[in-house]
Amino acid sequence: MTTRSETQSTLDHLLTEIEHRNPAQPEFHQAAHEVLETLAPVIAARPEYAEPGLVERLVEPERQVIFRVPWQDDQGRVRVNRGFRVEFNSALGPYKGGLRFHPSVNLGVIKFLGFEQIFKNALTGLGIGGGKGGSDFDPHGRSDAEVMRFCQSFMTELYRHIGEHTDVPAGDIGVGGREIGYLFGQYRRITNRWEAGVLTGKGQGWGGSLIRPEATGYGNVLFAAAMLRERGEDLEGQTAVVSGSGNVAIYTIEKLTALGANAVTCSDSSGYVVDEKGIDLDLLKQIKEVERGRVDAYAERRGASARFVPGGSVWDVPADLALPSATQNELDENAATALIRNGVKAVSEGANMPTTPEAVHLLQQAGVAFGPGKAANAGGVAVSALEMAQNHARTAWSAERVEEELAAIMTSIHTTCHETAERYDAPGDYVTGANIAGFERVADAMLAQGVI
Ligand code: NDP
Ligand code: 2IT
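In case it helps, the working numbering puts the sequence shown at residues 1 to 452.
Set out below in structure tokens:
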């Protein structure tokens, strides 16, 4: 029987090896650290998980594709971007995970996202493996025609690697309904197949699921509510700070408002808006979803209750709840200190890895309920899997049915994380609970399927 400390030193050795084998990929190192630092108790307790090579296989993607994406801008100039798809783990089902179009995308970013996705998808309890992709293409300021040509070029390579039983991409930063439409069209043209289940997040008239656009934000609010319930509280009357103003942020604010909380902020890379009366969602949707504008326009048009703060940290705004919904490492030690000083009760991650490890530590030490993204934002990919189920059955469920299933999945993820944390002597530690529960499900499938 190996002890926890012997197991931890084996894992530490592996982490050093990961850093050497994957140079210049700090986000991937960070994601691997965050998971491997919590697995010693389960590996020490269950000898089958100490099998040589199991964790080593888990941290090595099954396949990584990198490709050139040439396209012409509206002036006829040829532009060249880089495309990625990292197919990380398919023990539980076809690779599943979004595509991110953002200038900061590189292989390390896609690997961190793909690695997180393995555990997140396992936690949903559904049959989906982990993958992620994207490009360093920046859609900001590009015309619809440019975005279409880019998506068509991107898919002209990606189509070889995906399929409803193989790998099923969806949206992420910079990829929403418009991009999924162009990508699906090109896939259909090249393959001459109506293969609805090859992409999720499709339009509702042509194979998309109701509630998929809302699912990540709604799910995160349900997860936050479940954490509060554990402490004998609910959302009613709580003030919430939300970062971002894209898909996840908008539907986080919508659900918070519906459940009686007051969401007072949103942000983008130019700064943040604070609105004492609570964010006016019709106005925010008009500016962001229709006009594709910036958040300062919200403050200009809203009137006296709102102001725009250029730059600055949204986490300085006093609140009971914080729901980071923009990007990785957006909530650091200083932000955590400000939130704690202002009496925050819960932080629930809508984005992937938005809280730095130091900030997570501070929040947990201060007794703040902390919901890690791989549990709290799993509602989006869960409804993607429900979209795949509807596509497979050539049917469409009602919004009520999808929302009921989403709520049941989020409750089950919360319970699983909570109970797993207790089982491994870390009561209330959702990070440990999520990592161990996700790991157990994937590891069991990998062990059963042999060394591949
Ligand atoms: P969107 O593209 O719809 O919105 C992203 C928002 O975050 C924008 O307001 C954007 O502002 C801001 N943002 C992005 N990058 C940065 C940056 N480097 N610095 C400051 N602000 C930034 O993306 P989503 O809402 O879909 O995704 C948000 C987060 O949620 C991501 O971490 C994503 O991985 C995660 N997620 C998404 C899911 C989904 O279903 N869409 C599911 C689970 C997690 P600006 O326009 O100025 O860049
Ligand atoms: O990070 C994520 O879970 C997503 N971007 C959604 C993935 C999906 O396949 O719906």
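All C-beta atoms in this analysis are idealised placements derived from N, C-alpha and C, irrespective of residue type, glycine included.
Element boundaries [alpha helix (DSSP H), containing residue i]
i                 : result
glycine 438       : 430-448
phenylalanine 150 : 144-158
serine 9          : 4-21
valine 198        : Careful: valine 198 lies outside any alpha helix (DSSP H) and carries neither H nor E.
valine 381        : 379-392
threonine 257     : 247-258
proline 41        : 40-45
glutamate 26      : Before going on, a small fix: residue 26 reads as proline here, not glutamate. That run of the alpha helix (DSSP H) goes 26-36.
histidine 414     : 399-423
Test: residue i CB closer than 8 Å to a CB of chain B
i           : result
leucine 107 : This model lacks chain B altogether, as it is built from one protein chain only.
DSSP bridge partner residues for residue i (one or two, in chain order)
i                 : result
valine 168        : Lys96
tyrosine 272      : Ser267, Val309
valine 80         : Pro70
phenylalanine 370 : Val347
arginine 63       : Glu87
phenylalanine 112 : Paired residue(s): none; phenylalanine 112 is not in a bridge.
leucine 331       : Thr355
valine 175        : Asp172
Distance, residue j Cα to residue i Cα
i              : j                 : result
alanine 437    : proline 372       : 13 Å
glycine 127    : glycine 93        : 5 Å
glutamate 358  : asparagine 329    : 10 Å
threonine 337  : tyrosine 424      : 28 Å
serine 267     : lysine 288        : 11 Å
lysine 345     : lysine 202        : 36 Å
alanine 40     : lysine 277        : 47 Å
arginine 188   : tryptophan 194    : 6 Å
alanine 145    : phenylalanine 137 : 14 Å
glycine 163    : threonine 7       : 39 Å
serine 384     : alanine 170       : 8 Å
cysteine 151   : glutamate 179     : 7 Å
glycine 232    : leucine 222       : 15 Å
tyrosine 251   : glutamate 405     : 17 Å
alanine 399    : isoleucine 173    : 24 Å
glycine 205    : alanine 196       : 12 Å
valine 368     : phenylalanine 67  : 43 Å
glutamine 365  : serine 325        : 23 Å
glutamate 214  : glycine 380       : 8 Å
isoleucine 340 : valine 42         : 31 Å
proline 26     : glycine 108       : 7 Å
lysine 453     : glutamate 291     : With the chain covering 1 to 452 only, the question about residue 453 has no answer from this structure.
valine 347     : tryptophan 71     : 41 Å
Any non-hydrogen atom of ligand 2 closer than 7 Å to residue i Cβ
i             : result
serine 384    : yes
alanine 389   : no
valine 381    : yes
threonine 355 : no
threonine 327 : no
alanine 445   : no
lysine 120    : yes
glutamine 72  : no
glutamine 117 : yes
alanine 31    : no
lysine 111    : no
Presumed contact (8 Å Cβ cut-off) between residue i and residue j, rounded CB distance
i              : j            : result
methionine 155 : leucine 183  : 5 Å
alanine 122    : valine 241   : No, alanine 122 and valine 241 are not in contact; Cβ-Cβ is about 30 Å, not under 8 Å.
proline 61     : glutamate 37 : 20 Å between Cβ atoms; not a contact.
valine 295     : serine 245   : 5 Å
leucine 158    : glycine 83   : 7 Å
alanine 434    : alanine 351  : About 15 Å separates the two Cβ atoms, so there is no contact after all.
Span of the beta strand (DSSP E), counted from its first residue to its last, around residue i
i           : result
serine 135  : 129-135
alanine 482 : What the structure shows of the chain is the stretch from 1 to 452, and residue 482 is not part of that stretch, so it cannot be assessed.
leucine 321 : 321-323
Heavy atom of ligand 1 within 7 Å of residue i beta-carbon
i              : result
threonine 265  : no
aspartate 268  : yes
isoleucine 173 : yes
valine 248     : yes
histidine 102  : yes
glycine 244    : yes
glycine 271    : no
glycine 312    : no
glycine 176    : yes
glycine 350    : yes
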